[in-house]
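I have placed the structure first, in the form of structure tokens, so that the comments after it can refer back to it.
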Amino acid sequence: MEQAIQAFRSQQISVLVPGQDKYRQAIATSNLLFRFSRPECVVQPENPAQVQTIIKEAAARSIKVTIKCNGHSYAGHSTAFSGISLDLRSMKNAELDMNSKMVTMDAGCQWGDVYDKLIIGHHDGYIINGGRCPTVGVSGFILGAGLGPFTRSFGMGADTLAEATLVTADGSLITVRESDPPTSEKGRLFWALRGAGGGNFGVVVQMKLHVQKLRNLQGMVVAGRYQWFPQSGFTDDVVATMNTFYRTPWPQELTIDTTWICDLRQSSNQGGVRFNVSFDGNKVEYDRLITTHITHPELQTQLKRRVLAEKSSRFLYETLVAQWLEEAERAYPSNKTYELYSSFIFTKSSDFAKITAAICERMAFFRQKFNGEQVNFLVTWIHSGGKASEPQPTDTAFFWREAVFHAYVTVEWVDKWMELEMRLFLASVKKELRPLSLNEKAAFMNFPDRDFPTKLHEERYFGGNKEELRKVKQTWDPNGFFKWVHGVRRPGDPEEDDTAEEYAERTDKFAREQWADQWTYYKADDLEVDLNDLEECLGVESD
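Each residue of the sequence shown is one higher than the one before, counting from 133 in this note's numbering.
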């Protein structure tokens with residue numbers, strides 16, 4: 133590692149090591165499960181050539197590299213626990229070309245950096261098919277397929293990818309495009325990047341996306357947010373209303389995300405549902421849709437009252453970018469909690485009554501068992517379908533095209549001793565909901581669950597595209613340099629039967645492993661110890 137660090141510095145690549153303030157800032161995480169992350173160094177390249185140097189040096193010296201693109205991974209996949217943290221946050225240039233209707237983004241950009249180009253240029257009526265949160269990294273979003281507020285209108289984020297430039301395992305810099313022949317090696321790699329690209333085939337350093345034109349002729353978006361907290365909580369009529377909502381064939385221009393909330397830190401309510409609305413249309417159309425499909429009088433009134441028609445650039449700024457401006461200045465994440473996640477995929481044929489009944493039962497149990505604790509249980513339903521469902525499952529690496537809702541469960545707590553109980557509770561939720569997910573297994577790559585067994589994760593994330601992805605992996609990374617716990621394997625790679633681990637009692641597991649790893653850097657040959665003195669000190673004899 134010392135030799136690698138010297139090589140990086142000789143090429144004017146920024147290197148941070150333990151003990152430096154900037155190192156602590158670079159490895160900071162808001163999820164305290166990963167609080168003991170301590171890579172041996174953080175490297176912060178500023179251009180593709182420097183990324184090439186880093187990969188070549190690391191590969192030559194068999195040093196593990198963890199790619200971090202300025203976003204966040206629910207499962208800590210971008211958090212380095214050893215070796216090199218390849219931090220791309222210095223590569224954050226974005227350029228918008230409205231003549232070609234194309235945006236070029238460096239790998240370290242967040243969506244706030246990219247949306248800013250539309251805002252500054254007052255390009256009303258145009259949208260970049262990115263994430264809901266301005267602090268989400270563009271690379272992880274697109275390479276994991278990408279669910280955004282206009283997925284239903286324009287498809288998955290990856291569906292609008294036009295070009296990607298990446299550094300491969302041998303240090304080569306290549307560009308793949310939508311125009312590459314589908315059966316060529318580059319064409320197959322472009323296919324794989326759209327839904328399974330994160331950390332599997334190379335380090336993506338730049339991407340180009342098509343800019344999308346909104347349907348509304350005045351460049352308006354209807355958007356808003358409403359938190360529905362019925363006085364008596366999830367009563368039968370509330371649940372029936374939500375079941376009808378999930379079964380409704382909403383037009384593809386309308387996206388309504390919902391979150392079921394059971395936050396015991398807020399003792400003043402019995403739970404409720406948050407609605408986030410984005411509509412590519414006008415307010416009259418929107419109101420008519422709500423009147424037609426929402427019969428609950430209170431919910432109907434509030435869903436119409438709490439939205440506004442606004443210019444699309446204002447929507448990007450006020451709904452999305454305003455959050456980013458506030459968060460970008462924080463040196464350390466302020467959300468100091470422990471968090472676990474798992475995801476599920478529901479289709480128009482799903483048994484929504486059974487799904488919501490299971491959620492209600494688990495929320496009632498959660499509220500009773502953990503009353504008085506600083507804990508939170510959320511089920512977030514991200515609206516999909518529409519244009520995202522038009523391609524065939526094998527057209528891109530993203531397989532689960534039938535999805536109408538991508539749901540992810542969050543459990544969050546403040547006191548570290550609660551980890552075992554939170555893990556066991558989440559395991560109980562997964563046992564209820566996994567059989568109700570598409571094909572009884574489907575999950576979304578960008579809402580990862582670190583507890584997924586490595587024997588099963590490829591089928592859950594990639595479905596029937598698993599074997600083709602392995603072939604692409606063999607072509608572009610034959611030695612398996614890019615390797616991580618939920619990555620794409622090569623054909624014939626051994627598989628550990630760890631399926632029992634998914635629901636195991638893993639109290640303090642990540643913290644213990646991370647803490648122990650901190651001491652593995654001190655090898656025996658680094659210490660000058662006289663064996664006789666050691667035996668005398670310990671009162672033992674060596675064998």
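Where is the CB? At the ideal position from N, CA and C, for every residue including glycine. Computed from a predicted model, the values in this text were never measured in an experiment.
Query	Result
Does DSSP put residue 94 in a helix, in a strand, or in coil?	Not covered by the structure: residue 94. The range shown for the chain is 133 to 675.
Quick check: the Cα distance between residue 409 and residue 422, rounded to an integer number of angstroms?	11 Å
Between residue 212 and the rest of its own chain, which residues show a CB-CB distance below 6 Å, the 5 nearest in sequence each way excluded?	171 and 198
Give a yes or no on whether the C-beta atoms belonging to residue 502 and residue 595 are separated by under 8 Å.	no
Candidates 613, 625, 623 and 627: which alpha carbon is nearest residue 196's?	613
Would residue 618 and residue 584 be called neighbours here (beta carbons separated by less than 8 Å)?	yes
Roughly how many angstroms lie between the CA atoms of residue 261 and residue 248, to the nearest whole one?	14 Å
Skipping 5 residues on each side, what residues in its chain have a beta carbon closer than 8 Å to that of residue 675?	At residue 675, the pLDDT of 44 sits below 50, so the modelled position is not reliable and the matter cannot be decided from this model.
What residues match up with residue 237 in a beta bridge as DSSP calls it?	226 and 339
Considering only C-alpha positions, which residue in the set 616, 294, 155 and 504 is nearest to residue 582?	616
In chain order, what residues of the same chain have a beta carbon less than 7 Å from the beta carbon of residue 557, not counting five sequence neighbours either side?	498 and 543
Give the straight-line distance between the Cα atoms of residue 541 and residue 566, rounded to the nearest whole angstrom.	11 Å
Measure how close the beta-carbons of residue 564 and residue 490 come, nearest whole angstrom, since I'm counting them as under 8 Å.	4 Å
Residue 279 and residue 253 - do their beta-carbons sit closer together than 8 Å?	no
Pick helix, strand or coil for residue 166, following the three-state DSSP scheme.	helix
Measure how close the beta-carbons of residue 275 and residue 330 come, nearest whole angstrom, since I'm counting them as under 8 Å.	4 Å
Out of 295, 345 and 183, point me to the one whose CA is closest to residue 325's CA.	295
Would you give the residue range spanned by the beta strand (DSSP E) that residue 352 belongs to?	352-360
Please report whether the beta-carbon of residue 474 lies at a distance below 8 Å from any beta-carbon of chain B.	The structure shown has no chain B; it contains just one protein chain.
I'd like the ranges of any alpha helix (DSSP H) spanning at least 4 consecutive residues and lying wholly in the stretch 385-464.	415-425, 429-437 and 454-460
Residue 337 and residue 180 - do their beta-carbons sit closer together than 8 Å?	yes
Exposed or buried, residue 521, counting other C-beta atoms within 10 Å across all chains shown (16 or more means buried)?	buried
Could you check what DSSP says for residue 491 in three-state terms: helix, strand or coil?	helix
Go ahead and pull the three-state DSSP assignment for residue 566.	helix
Within the same chain, show all residues whose beta-carbon is closer than 7 Å to that of residue 622, passing over the 5 residues directly before and after it, in chain order.	602, 605, 606 and 612
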